[in-house]
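Colleague:
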Amino acid sequence: SMNDKDMIMPMLSVSIPIYRNKYKAQQRETGFRQQESREKYINTLHTLEAEWYKTTHLLDDASRKIILYKKQSELAQTTYNLIVQEFISGKSDLTNVIQVQRQLLDYQLKSAEAIADYNGLAASIRKLISFTDVEQRQ
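Numbering (our numbering), first residue to last: 143 to 280.
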């Protein structure tokens with residue numbers, strides 16, 4: 143008769159690799175998320191660079207327009223002064239005076255619009271620069 147105290151019971155342990163696949167999947171997912179973050183960062187950087195070049199080009203264009211319209215306004219002012227003198231002396235009619243005055247006002251308006259565009263673009267560049275500064279501090 144066997145005594146229950148002397149009984150030897152063999153035990154077998156088997157590990158099933160269920161969690162290993164889950165862990166590997168998590169690692170792959172983390173790698174994909176890191177890659178996605180890097181690509182988003184690079185995309186954002188390229189977008190900012192493109193915006194920078196576009197805005198600086200438009201700023202240069204606005205600056206050229208300011209100079210052009212200032213010169214045009216000066217010429218129109220000189221022409222206006224001459225046409226008024228001709229009108230006073232009877233060599234020109236009122237229609238010519240009004241036409242030159244309208245041209246002068248048009249150049250002055252375009253000059254003011256170019257200055258407003260320039261200031262708006264300068265603010266956009268300051269905004270881009272401040273975004274870049276924040277990014278570089280991190």
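Think of the CB as a built atom: it goes at the ideal place given N, C-alpha and C, for glycine as much as any other residue.
In terms of alpha-carbon separation, which member of Thr197, Glu171, Tyr183 lies closest to Ile281?
Modeller: The structure shown does not extend to residue 281, since the chain is modelled only from 143 to 280, so the question has no answer here.
Colleague: Could you tell me how far apart the beta carbons of Ser234 and Ile225 are, in whole angstroms, since I believe they sit closer than 8 Å?
Modeller: Here residue 234 corresponds to residue number 92 of the sequence shown, with the count starting at 1. Here residue 225 corresponds to residue number 83 of the sequence shown, with the count starting at 1. Right, the Cβ-Cβ distance comes to about 6 Å (below 8 Å), so this counts as a contact.
Colleague: How big is the Cα-Cα spacing for Tyr211 and Ala192?
Modeller: Here residue 211 refers to the residue found at position 69 when the sequence shown is read from its first residue. Here residue 192 refers to the residue found at position 50 when the sequence shown is read from its first residue. Cα to Cα, the separation comes out at about 28 Å.
Colleague: Using the three-state DSSP reduction, which class does Asp248 fall into: helix, strand or coil?
Modeller: The residue given as residue 248 occupies position 106 in the sequence shown. Of the three classes helix, strand and coil, the one that applies to Asp248 here is helix, per DSSP.
Colleague: Can Tyr260 and Leu201 be called in contact, C-beta distance under 8 Å?
Modeller: Working through the sequence shown from its first residue, we reach residue 260 at position 118. Working through the sequence shown from its first residue, we reach residue 201 at position 59. Their beta carbons are under 8 Å apart, which means Tyr260 touches Leu201 by this criterion.
Colleague: Please confirm whether Ile257 and Ile209 have their CB atoms less than 8 Å apart.
Modeller: Taking the first residue of the sequence shown as 1, we reach residue 257 at position 115. Taking the first residue of the sequence shown as 1, we reach residue 209 at position 67. No, these two residues do not count as a Cβ contact at 8 Å.
Colleague: Is Ala204 near the ligand ZN, going by C-beta to nearest heavy atom under 7 Å?
Modeller: As far as ligands go, the structure on display features none, and thus does not contain the ligand ZN.
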